[in-house]
Structure formats: structure tokens, C-alpha cells
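Asker: Read in order, the letters of the sequence shown are residues 1322 to 1534 in my numbering. Ideal placement from N, C-alpha and C gives every residue a C-beta, glycine not left out. Keep in mind it's a predicted model, so treat the numbers as computed, not measured. If you scroll down you'll find the structure; I have some questions about it.
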Amino acid sequence: MGDQHHDSHAVPEPDGESCPWLAMARELAANPDSPASLRILSSVNASLRPRMAAVEQLLDALVAQLERPGPVADASVAAASRHWEVACDGELTAGILEDLKRDAAAIVDRMRSSPPPIESILADVCGRSDIGYDLGLDLEGLRGTWHRLWAAISMARVFGESPEQVDCVASFRAEVERQLGRVITESEWQQLQQHAFRHGDALAERQFGGRQG
């Protein structure tokens, strides 16, 4: 017998099958849990991973450009666009870029319509759970109270800092600090305020054509 090289990662092709993609599709359909099917899925995922990473990088750059426009953001978008073309082995057409920009705008809209993740500002809460909030059952835990604090700051931004609004913000801040076990630092407070102010300004513009206070 002559030497025969065996590739342990090769996908077996059924007898008489001339199209490897069709062979793989048939194997996946007929035997989804077989070793061959698992190798097919692993191979496909490996080939798609760099492309998905490139798409994510470009989306992140477009989101940053919307959030913090300027030369740095523009340069990041340009670099991410070039990387997309290399990873995806094709031209980033105006149509594709427009679709990605729409996706980025939707991401920014969702980000601005929800409080920032508490971990993004208060690093020492990583790993602390709030089951009631996560399940949408109540807003009494740390994350739920954080959400209410952010909403109160936003509403004060929209309607003006009346004594009632100021007391509401102060009450929720005190409750967050009580559950947190420490005070919110000035830097952390400014970050939360900036996010809440952006949401309040956007809400006021949509609903009333501008802030009321």
C-alpha cells in the first residue's frame, strides 16, 4: 500500500459528492451531533470569528464617533473600516457603511435611554447581583435604586431642579450609598450626571422641543 496522508481535521465527503458545501450541509442535517458535524461547526465558527470581530470593532468606532465626535473618533472609524475590508476580504461599500451607521445609532439610542451599567461607573460592585431588578420584579435593590437615581437626575434635567426634584435625587443617592456601603465619589457622580443629562436633554427635545426649567 502506498503512503496515505490522513488529515484529522478534514471534513469527510460522502461518496460521489462533488460540492463540499453541499456535503457539509447534508452532514449537518443528517447527523448534527456527529464528530464530523462538530468539526464543520468549529471550522465555520473559526472562519467567521475574525469577520465578526471586525464588524464589532467598526460598530464600536461608529458608536464612539456619535458619542464623542472629533478627529480621534474619525481616525478610529477610518482604521476600523480598513480592518473590516481586510478581515472580510471585500469593499466596505457606502450601502454597508450606512447600514452599520444605522445600527450604531440604534445602539446609542438604547444606551441613552437606559442608565449606564452600574459597573461602568462603580467598579467595586462587579459581581453583586440584584435578582429582583434582573428579573424585572422590583427596583428596591442596588441596581434598581441606581436606575431610579439616574431617572430622577434625568427628570430634574428636563423639568428644572425644583425643591421636590432635588429632594428626590438626594433620597435615591442616599439609598444607593447606603446599599453600596460608601459614598459616591465626585468623579463617579459627574459620570452618572453626564449620562443622565444627555438622556434628559434628548427626552426634552423629543417631547417638548427643549428643557422646561
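(1) Taking residue 1441 as the reference, which of 1508, 1368, 1525, 1460 has the closest Cα?
(2) If you follow the alpha helix (DSSP H) that residue 1494 is in, where does it begin and where does it stop?
(3) If contact is defined by three or more beta carbon pairs under 8 Å, each pair taking one atom from either stretch, is the region 1458-1466 in contact with the region 1410-1417?
(4) Which whole-angstrom value describes the C-beta separation of residue 1498 and residue 1504, a residue pair presumed to lie in contact below a C-beta threshold of 8 Å?
(5) Figure out for me which residue from 1443, 1388, 1387 has the closest Cα to the Cα of residue 1511.
(6) If you follow the alpha helix (DSSP H) that residue 1416 is part of, which residue opens it and which one closes it?
(7) Just mark residue 1342 as buried or exposed, buried being the case when its beta carbon has 16 or more other beta carbons within 10 Å.
(8) Taking contact to mean at least 3 C-beta pairs separated by less than 8 Å, is the region 1376-1383 in contact with the region 1359-1367?
(9) For residue 1432 and residue 1351, what's the separation of their Cα atoms in angstroms?
Answerer: Looking at the coordinates:
(1) 1508
(2) 1484-1501
(3) no
(4) 5 Å
(5) 1443
(6) 1415-1433
(7) exposed
(8) no
(9) 43 Å
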